[in-house]
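This report concerns only the one structure given below.
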Amino acid sequence: TICLKDMAGTMSPYEAEHLIKGIKDAVGDIPLILHTHCTTGMAYMTVMKAVESGVDIIDTATSCFSNGTSQPATETIYYALSELGIETGLNEKVINEVNDYFKPVKQKYIDNGRINPKSMGTDAQALVYKVPGGMLSNMIANLTDMHAMDKFDAALAEIPSVRKDMGYPPLVTPLSQMVGNQAVTNVLVGERYKNISKEVKAYFKGEYGIAPAPVNPELEKRILSEAGMEAPLDCRVEDSKRTGKEFADAKAALGDLAESEEDIMSYICFPAQAEKFLEGRKAAEENRVTYTITEA
């Protein structure tokens, strides 16, 4: 499958039509998915135009959890497509039962403050800021926890500047969190880049690859200088650390915890998690109780 991921909900109906028809002409029968968000208010129009243009799959959410930074409502799209004579394969009774089940769940999180009403509304300014729904809801949650929601608009306005300084990285995880958190920090501290997160520093050092566009040269120079580097990495960060003895070192470190090459490879990739798992496995084996039944 091929997925068009419109994480900020900024794709217009006619952009969707152009993209979907062009991709369909190029790839033929490969299923095409559209994933968009309601953040800007575009999603319902875009989804309907996408269906008319030949998209195969659309992502939706049960209506009580739809809209805002989420996806369009499953039930609404179902009824709209039914009027067009398009068979979705959905059961009307079941999708409404699903929504009824989750209504009190949503209300519980509204009542305890975990769902901020701001994330449930439409923000047309996101068409300017290009902020993905998940990034927006994450920013709202962080500012709420810090009792700083009065800084929301300023933090939102800071995002395009931070993104430009970082060479316009795509706003998907983890880069969206890095850009958003740095924008919030800049606003809360009151001075741009007085405090820089370790993740943003790692980005400028090349640990996340090459930026799509030129980064802020002064900021890059400052971060590289503090790290004792003359230039960003031009290879994968793990390649720069490779010694050629990783397997042997991991095998020695694990000792009798490792029962196979897979155990050693797991430790190389995820040292803390693998070691905890292997220690637990060994403890379980040592505590195993066995019984022997003999004939009297």
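Residue numbers in the sequence shown follow the working numbering, run continuously in steps of one, and reach 636 at the last position.
C-beta atoms are modelled at their ideal positions from N, C-alpha and C, and glycine is treated no differently.
Could you check the C-alpha separation between S403 and D369 for me, to the nearest Å?
Residue numbering aside, residue 403 sits at position 63 when the sequence shown is read from its first letter. Residue numbering aside, residue 369 sits at position 29 when the sequence shown is read from its first letter. For S403 and D369, the distance between alpha carbons rounds to 31 Å.
DSSP state of L359, grouped into three classes?
Residue numbering aside, residue 359 sits at position 19 when the sequence shown is read from its first letter. Helix.
Short of 8 Å in beta carbon distance, which residues of its chain neighbour T380, apart from the five on each side in sequence? Order them along the chain.
Taking the sequence shown and counting its residues from 1, one reaches residue 380 at position 40. Counting only Cβ-Cβ distances below 8 Å, and skipping sequence neighbours, we find A348, G349, T350, T462, D463, A464, A466, L467.
Could you tell me which whole alpha helix (DSSP H) segments of length 4 or greater appear in the stretch 450–535?
Within the stretch 450–535, the runs of alpha helix (DSSP H) that reach at least 4 residues and sit entirely inside it are, in chain order, 466–469, 473–485, 492–505, 515–529.
Opposite A348 in the DSSP bridges: which residues?
Position 8 of the sequence shown holds residue 348. Bridge partners of A348: none, in fact.
Which listed residue (E586, M605, L618, S606) has its alpha carbon closest to that of D596:
Along the sequence shown, read from residue 1 onward, the residue named residue 596 stands at position 256. The residue with the shortest Cα to Cα distance from D596 is L618.
Nearest neighbour of V512, chosen from D603, Y548, R582 [CA to CA]
On the sequence shown, residue 512 is found 172 positions in, with the first residue counted as 1. Nearest option by C-alpha distance: Y548.
With 16 as the cutoff for other CB atoms within 10 Å, does K389 come out buried or exposed?
Taking the first residue of the sequence shown as 1, we reach residue 389 at position 49. It counts as buried.
For N436, which residues from the same chain have a beta carbon less than 7 Å from its beta carbon, with the 5 sequence-adjacent residues on both sides left out?
Stepping through the sequence shown from its first residue, residue 436 is reached at position 96. Excluding sequence neighbours, N436 sits near E415.
What do you get for A571, buried or exposed, if any count of 16 or more other CB atoms within 10 angstroms of its CB means buried?
Here residue 571 refers to the residue found at position 231 of the sequence shown. Its Cβ having fewer than 16 others within 10 Å, A571 is exposed.
Measure from the alpha carbon of F492 to the alpha carbon of each residue in H375, A366, N456, N556, then state which is nearest.
In the sequence shown, residue 492 corresponds to position 152, counting from 1. The shortest C-alpha separation from F492 is found at N456.
Where does T341 sit, in a helix, a strand or coil, going by DSSP?
For the purposes of this step, residue 341 is taken as residue 1 along the sequence shown, with counting starting at 1. T341: coil per DSSP, three-state reduction.
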